[in-house]
Every structure is written in C-alpha cells, then in structure tokens.
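Participant:
Numbering (our numbering), first residue to last: 1 to 398.
#1: Starting from the Cα of residue 71, find the closest Cα among 125, 136, 299 and give me that residue.
#2: Go ahead and label residue 22 buried or exposed: buried means 16 or more other beta carbons lie within 10 angstroms of its beta carbon, across all protein chains shown.
#3: Could you check whether residue 286 and residue 276 sit closer than 8 Å to each other, using their CB atoms as the reference points?
#4: State the start and end residues of the unbroken alpha helix (DSSP H) segment that holds residue 209.
#5: Cα-Cα, which of 252, 157, 330, 7 is closest to residue 90?
#6: Is the CB-CB distance between residue 74 and residue 246 below 8 Å?
#7: Closest to residue 87 by C-alpha separation, out of 310, 49, 155, 398, would be which residue?
#8: Rounded to whole angstroms, what is the Cα-Cα separation between residue 138 and residue 153?
#9: Could you check whether residue 200 and residue 428 sit closer than 8 Å to each other, using their CB atoms as the reference points?
#10: If you draw a straight line from the alpha carbon of residue 102 to that of residue 260, how long is it in whole angstroms?
#11: For a test of the three-state rule: what should DSSP assign to residue 156, helix, strand or coil?
#12: Would you mind stating whether residue 206 and residue 344 have Cβ atoms separated by less than 8 Å?
#13: Provide the residue span of the alpha helix (DSSP H) that contains residue 69, from first to last.
#14: Let me know the secondary structure DSSP gives residue 186 once reduced to three states.
#15: Could you check if residue 374 is buried or exposed, using at least 16 other CB atoms within 10 Å of its CB as the buried criterion?
#16: Compute the beta-carbon to beta-carbon distance between residue 295 and residue 254, rounded to the nearest angstrom, for a pair I have assumed lies under 8 Å.
#17: Which partner residues does residue 121 have in the DSSP bridge list?
#18: Have a look at the DSSP bridge pairing and note the partners of residue 151.
#19: If you draw a straight line from the C-alpha of residue 216 to the C-alpha of residue 224, how long is it?
Here it is in structure tokens:
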C-alpha cells in the first residue's frame with residue numbers, strides 16, 4: 001500500500017483547512033454556546049464541492065477518491081466536530097449508500113442534488129429502543145398498491161431538522177428478522193413526517209440532532225433502495241462509510257490537541273523551566289504524537305481498500321475504535337496539560353473534550369468495536385463478499 005499523499009490530496013486538505021478556519025471558526029464559540037447550526041457554512045460546503053467530494057462527476061460530484069473524503073473530515077473536525085458530522089451523515093451514510101445501492105433513476109433524482117449540495121441528506125436507523133441492536137427497531141413499512149406506508153420513530157438523528165432526504169430503515173417483514181428490514185428514500189416534505197430537535201447535549205452543540213416521526217407516510221414503491229429485505233445489508237455497508245469519516249475526523253481532534261499542548265508546554269513555565277521539560281508532560285505529548293500517526297495510518301488503510309473496491313468492515317471498525325478512544329484520551333491529556341485554562345472555553349480543548357466523548361457511542365459503541373475486533377482475531381467473525389461494493393476509484397467513465 002502506497003501511503004504517500006498525492007499533490008491533489010494535499011491541495012484538498014489545505015482547501016478544507018482554510019475553509020474551516022475562514023467559514024466555520026469565527027462564529028463557532030457563540031454557536032456552540034447557543035447550540036445553533038451554521039446554515040451559511042453548510043451551503044458553502046455544497047457550493048465549494050466538499051459534500052460531493054467522492055461522488056462521480058456524472059452524478060454531480062467532484063470525482064475524487066475516498067482518502068480525500070477522510071482528509072476533509074480530519075481538517076473539519078480539527079476546527080469542530082459538528083462540521084465533520086455533516087460529511088459523515090450527508091456524504092458517508094446517505095450519499096455513498098445511494099451510490100452503492102441505488103438504481104440509475106434514484107441516483108439521478110436524489111444523488112445528484114445531494115452531491116451538489118442542493119439537498120441535504122440524513123440517515124435514520126436508531127430508535128428510542130434500538131441502537132446497537134438493529135433488530136430491535138419498531139418502524140414498519142407495509143406495501144399497499146404502489147406505495148409503502150411507513151410508521152415509526154427515529155431518534156438521535158444528525159441533521160434531522162436540516163435534511164431534505166432521509167434514508168430510513170423499517171421492517172417490511174418482521175418474521176424474517178435480518179432479511180425483513182428494508183431501506184427507503186424518504187423526502188422530508190412528505191405528509192406525515194415531523195421532526196424535532198434534541199436539546200441539552202454534552203457536545204456537538206453547534207450541530208443539529210433530533211427525532212423524526214413517521215405517521216402513515218406514503219413512500220413510492222420506486223423509493224425502495226435495493227430490494228425488499230436488503231435493509232440490514234445496506235445499513236451495515238453504510239456504517240462502514242460513516243465510521244470511516246468518524247475515524248478520520250478523530251485524527252483532527254488528536255492533531256489539534258497535540259498542537260495546542262506543544263505550544264503551551266513551550267510557553268508555560270514552572271519551577272524555573274518550560275513544563276515541556278517535565279517527563280510526565282512529555283509522556284502525555286508522546287502519546288498524542290503516537291495516536292496521530294497511528295490514526296492516520298489506520299484511516300489511510302481503510303481509504304485505500306475503499307479506493308480498490310474491497311470490503312473494509314474490519315479495518316474501518318478498527319480505525320473508528322482506536323482513533324475515537326485516542327481522541328478522547330488526547331483531549332483529556334491536553335486539558336490536564338493546560339490545567340485550569342483547559343477547563344475553560346478560553347481554549348478550544350474543553351470543546352474537543354466534550355465532542356470527542358460522543359464518538360465512543362455513535363456509529364458503533366467502543367464496546368461493539370471491541371467485540372468485533374476480538375471476534376475477527378478469534379475467527380468467530382468472517383466477512384462475506386458484499387452483493388454490491390462501493391465503486392472503485394478512479395470511477396469508470398468519469
């Protein structure tokens with residue numbers, strides 16, 4: 001595997017870095033305190049091509065590779081997690097699922113406006129009583145004539161009140177369990193769809209999270225993604241993409257914590273010397289430096305597999321598990337290095353600390369990923385070839 005970034009990768013990363021500094025950071029502290037999403041920056045993300053970075057040009061995207069997506073996530077989360085969440089949900093979970101499983105008609109109708117940022121996408125799997133246990137969902141979709149009738153509730157949905165197009169999972173035949181779940185493209189403006197915002201979150205306050213209720217919502221038969229019963233497979237493959245963006249974004253937090261800690265360790269003096277001279281401070285900084293390099297290698301590897309059209313569930317799970325744990329530990333150590341200053345919002349560390357904690361819960365808890373990696377090592381878990389893979393890069397005829 002060639003892990004050297006290309007000139008194009010470096011340009012994309014720098015473009016994302018400058019965008020985040022220019023468009024997101026200036027109003028971030030105020031929006032984080034008020035729990036207000038940045039609608040202006042969201043529109044500019046679409047206009048500047050970030051939302052469709054790894055979508056083929058023929059569907060309105062930029063036609064770049066999957067590592068490019070990871071690099072943008074890193075740079076966005078280095079400023080704030082809420083910006084990276086947009087890419088995780090809109091691009092990773094929603095758009096790439098349409099690219100992987102959608103019909104040509106669905107891609108033309110829905111993927112193209114998503115890639116161009118004209119529409120915003122969200123992903124609805126989690127319910128009030130179903131998170132890690134996907135089979136516990138209660139939402140149902142019954143076929144009546146040319147429409148499916150959707151009923152149920154989804155919660156802890158990022159972009160719930162912002163998105164235009166939802167990817168929703170519901171039982172079409174509960175007796176079939178895994179094979180009885182189906183995936184549907186649902187337009188927010190459909191009669192019977194209502195949304196609400198979840199308030200009082202510990203972190204990711206500058207991003208919208210909410211609930212979606214479906215009451216006798218008519219979904220055209222042609223909005224079934226894949227076949228009836230493909231929902232579980234689609235959800236799991238979507239999580240491979242979502243987890244990849246979370247894993248790469250976590251490296252952004254690690255890098256930000258490291259850079260802040262190094263700068264402070266040179267400036268702050270105790271007992272007549274820089275605190276960077278104290279071995280216990282050095283130990284924390286060394287851990288961050290190692291986590292940064294390990295984190296990059298892990299998501300580069302997953303991106304490489306995606307570029308080559310190979311299944312990457314194991315590698316993406318590992319990257320998400322390790323990087324998110326290390327991001328929280330890095331934020332915790334950085335807060336310790338900065339002392340009382342790290343405990344206040346004078347520095348960004350307290351926000352990294354709050355934001356990084358959530359990533360050990362969403363997109364698969366750290367416990368789920370621990371079990372997955374143990375089962376891979378023990379030989380209990382083996383991934384079968386997917387019915388459909390993400391298209392390899394470079395994209396064909398693009």
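Think of the CB as a built atom: it goes at the ideal place given N, C-alpha and C, for glycine as much as any other residue.
Facilitator: This is what the structure holds:
#1: 299
#2: Label assigned to residue 22: exposed.
#3: Their beta carbons are not under 8 Å apart, which means residue 276 does not touch residue 286 by this criterion.
#4: That residue, residue 209, is in no alpha helix (DSSP H); its beta strand (DSSP E) goes 209-220.
#5: Relative to the Cα of residue 90, the nearest Cα in the group 252, 157, 330, 7 belongs to 157.
#6: no
#7: When each option's Cα is compared against that of residue 87, the closest is 49.
#8: Answer to the nearest angstrom: the Cα atoms are 8 Å apart.
#9: Nothing can be reported for residue 428, as the shown portion of the chain is limited to 1 through 398.
#10: 43 Å
#11: strand
#12: no
#13: 66-79 is the extent of the alpha helix (DSSP H) around residue 69.
#14: strand
#15: exposed
#16: 6 Å between Cβ atoms; contact.
#17: 165
#18: 140
#19: 16 Å
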